[in-house]
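Read in order, the letters of the sequence shown correspond to residues 536 to 840 in my numbering. One structure below.
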Amino acid sequence: MSEKKTFFVIINPVSGNGKGKKVWNSVKDKLSQHFNITSQFTNHSNHDIQITQDALNKGFRNFIIIGGDGTLNKFINGVFSQKTINPNQISFGVLAIGTGNDWIKTYKIPKNIHRAVQAIINGNTQTQDIGCLTFLDLNNSKTYFLNLCGIGFDGLVVDLVKNDRSFGKLTYIFGALKALFNFTYFNTKVTLDSETKTHKNCMMIQLGICRYTGSGMQLTKQPDPNDGLLDVSIATNFTKWQIAKNIIGLFTGSILKHENITTLKTKHITLEFNAKKPLIQADGEPIATSNIKAYILPQAITFYL
536 MSEKKTFFVI
546 INPVSGNGKG
556 KKVWNSVKDK
566 LSQHFNITSQ
576 FTNHSNHDIQ
586 ITQDALNKGF
596 RNFIIIGGDG
606 TLNKFINGVF
616 SQKTINPNQI
626 SFGVLAIGTG
636 NDWIKTYKIP
646 KNIHRAVQAI
656 INGNTQTQDI
666 GCLTFLDLNN
676 SKTYFLNLCG
686 IGFDGLVVDL
696 VKNDRSFGKL
706 TYIFGALKAL
716 FNFTYFNTKV
726 TLDSETKTHK
736 NCMMIQLGIC
746 RYTGSGMQLT
756 KQPDPNDGLL
766 DVSIATNFTK
776 WQIAKNIIGL
786 FTGSILKHEN
796 ITTLKTKHIT
806 LEFNAKKPLI
816 QADGEPIATS
826 NIKAYILPQA
836 ITFYL
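So, in structure tokens, the structure goes:
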């Protein structure tokens with residue numbers, strides 16, 4: 536009989552309005568039948584990052600994340616901000632209990648917890664690209680994302696709903712409507728290779744690896760998580776009335792057909808903003824506001840599906 540694989544399980548007890556502990560209690564026996572399991576609960580902001588790095592230093596290479604997109608984002612940042620272990624040696628599975636659960640939608644990873652556990656037991660894996668943001672105004676500090684980075688309108692939406700996501704998918708619709716009354720347009724200089732172009736009256740800029748964000752919004756045209764490219768959307772000159780009319784189009788992807796949206800693909804991009812810098816989110820988490828350089832780490836992480 537083959538030796539059991541060892542997994543480290545990170546549980547966010549407050550994810551999904553407090554489902555974390557209940558879900559863990561419902562799956563730990565089955566996981567323990569198939570794997571050697573060590574687990575830890577997060578207990579404060581960014582604790583996920585420290586737990587990940589501590590586990591890596593102790594020799595763990597396989598992880599299960601019980602939480603939402605934010606918990607997964609912190610895990611990814613824990614993996615890629617350390618320099619001891621090559622990330623290509625690390626794999627993870629997800630039991631998704633968050634509000635949006637957007638990353639799993641691209642791969643159709645089961646939302647049903649027990650089917651998701653079985654998928655990890657089955658052992659099928661895939662790799663995908665990881666995005667890296669460098670904050671040019673903050674000593675070139677970095678953050679990483681595995682799904683999508685949004686600048687401007689959806690950065691504001693995430694900021695508005697960050698403390699209360701109790702309405703599920705409707706949380707982001709309510710947040711989008713509220714953002715209409717608080718939104719400020721911004722100008723940006725976009726540099727691709729050596730070419731720079733200014734975009735005025737920007738509503739939002741999307742840097743996508745996977746397809747969905749904001750509990751199902753589709754804001755990038757042809758994202759492919761394995762092509763080594765960022766899928767970029769730049770929306771300019773939208774009136775607030777046009778935004779309101781296209782709220783549903785944010786979720787169906789039809790907004791990408793609008794003449795005021797520019798789409799492109801690139802390995803790297805630099806974005807420099809006017810004095811009033813827009814809010815930025817990565818994987819549904821608010822992050823630093825700064826001029827940024829974004830690029831792709833191709834096929835950088837392995838996951839179970």
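Using N, Cα and C, we set each Cβ at its ideal position, and we do this for glycine too.
8 Å contact criterion, which residue i and residue j should meet: CB distance rounded
| i | j | result |
| --- | --- | --- |
| Leu765 | Ile708 | Contact flag wrong, Cβ pair sits at about 26 Å. |
| Cys667 | Leu742 | Going by Cβ atoms, the distance from Cys667 to Leu742 rounds to 10 Å, so no, they are not a contact pair. |
| Ile744 | Ala770 | Incorrect: roughly 19 Å between the Cβ atoms, too far for contact. |
| Leu712 | Lys828 | Actually they do not touch by this definition, with Cβ atoms about 32 Å apart. |
| Val544 | Ile586 | With 8 Å as the limit, Val544 and Ile586 do not qualify as a contact, their Cβ atoms being about 10 Å apart. |
| Ile648 | Ile611 | With 8 Å as the limit, Ile648 and Ile611 do not qualify as a contact, their Cβ atoms being about 21 Å apart. |
| Asn597 | Lys540 | 6 Å |
C-alpha gap between residue i and residue j, whole angstroms
| i | j | result |
| --- | --- | --- |
| Thr606 | Ile600 | 7 Å |
| Tyr642 | Gln653 | 15 Å |
| Lys556 | Pro548 | 5 Å |
| Thr748 | Ile836 | 20 Å |
| Ala810 | Asn722 | 9 Å |
| Gln753 | Leu799 | 15 Å |
| Phe716 | Phe680 | 28 Å |
| Asn761 | Leu840 | 15 Å |
| Ala590 | Leu785 | 39 Å |
| Val614 | Trp776 | 42 Å |
| Ile790 | Phe627 | 33 Å |
| Glu538 | Gln568 | 12 Å |
| Thr824 | Asp564 | 43 Å |
| Leu808 | Leu814 | The question names Leu, yet the displayed sequence has Phe at residue 808. Cα-Cα distance, rounded: 11 Å. |
| Ile656 | Ile822 | 34 Å |
| Asn674 | Asn826 | 11 Å |
| Pro758 | Thr787 | 15 Å |
| Leu832 | Thr660 | 18 Å |
| Thr774 | Ile625 | 45 Å |
| Val558 | Ile639 | 17 Å |
| Lys724 | Glu820 | 24 Å |
| Lys646 | Leu630 | 7 Å |
| Ser768 | Thr755 | 6 Å |
| Gly553 | Gly602 | 10 Å |
| Glu730 | Ile686 | 21 Å |
| His793 | Ala779 | 14 Å |
| Asn621 | Ser574 | 22 Å |
Residue(s) in a DSSP beta bridge with residue i
| i | result |
| --- | --- |
| His803 | Tyr830 |
| His734 | Thr723 |
| Ile782 | In DSSP, Ile782 forms no bridge with anything. |
| Val549 | DSSP lists no partner for Val549. |
| Thr539 | Thr is not the amino acid found at residue 539; the sequence shown has Lys there. Lys539 pairs with nothing; no bridge assigned. |
| Glu820 | Ala817 |
| Ile744 | Answer by DSSP bridge pairing: none, since Ile744 is not bridged. |
| Ile836 | Gln663 |
| Ile599 | Val544 and Gly628 |
| Ile796 | Ala770 |
Sub-8 Å separation of residue i and residue j beta-carbons
| i | j | result |
| --- | --- | --- |
| Phe576 | Phe542 | no |
| Asp583 | Asp604 | no |
| Gly551 | Gly633 | yes |
| Thr801 | Leu695 | no |
| Asp818 | Met739 | no |
| Asn482 | Lys609 | The chain is shown only over 536 to 840; residue 482 falls outside these bounds and no answer can be derived. |
| Asn698 | Tyr720 | no |
| Gln834 | Thr662 | yes |
Please go through the region 657-726 and give each complete alpha helix (DSSP H) segment of 4 or more residues, from N-terminal end onward. 688-696 and 704-714
Ignoring anything shorter than 3 residues or poking outside the region 569-597, list the beta strand (DSSP E) runs there in chain order. 570-576
Hey, which unbroken runs of the alpha helix (DSSP H) at 4 residues or more fall wholly within the region 609-660? 637-642 and 648-657
Whole beta strand (DSSP E) elements within the region 748-772, 3-residue minimum: 765-771
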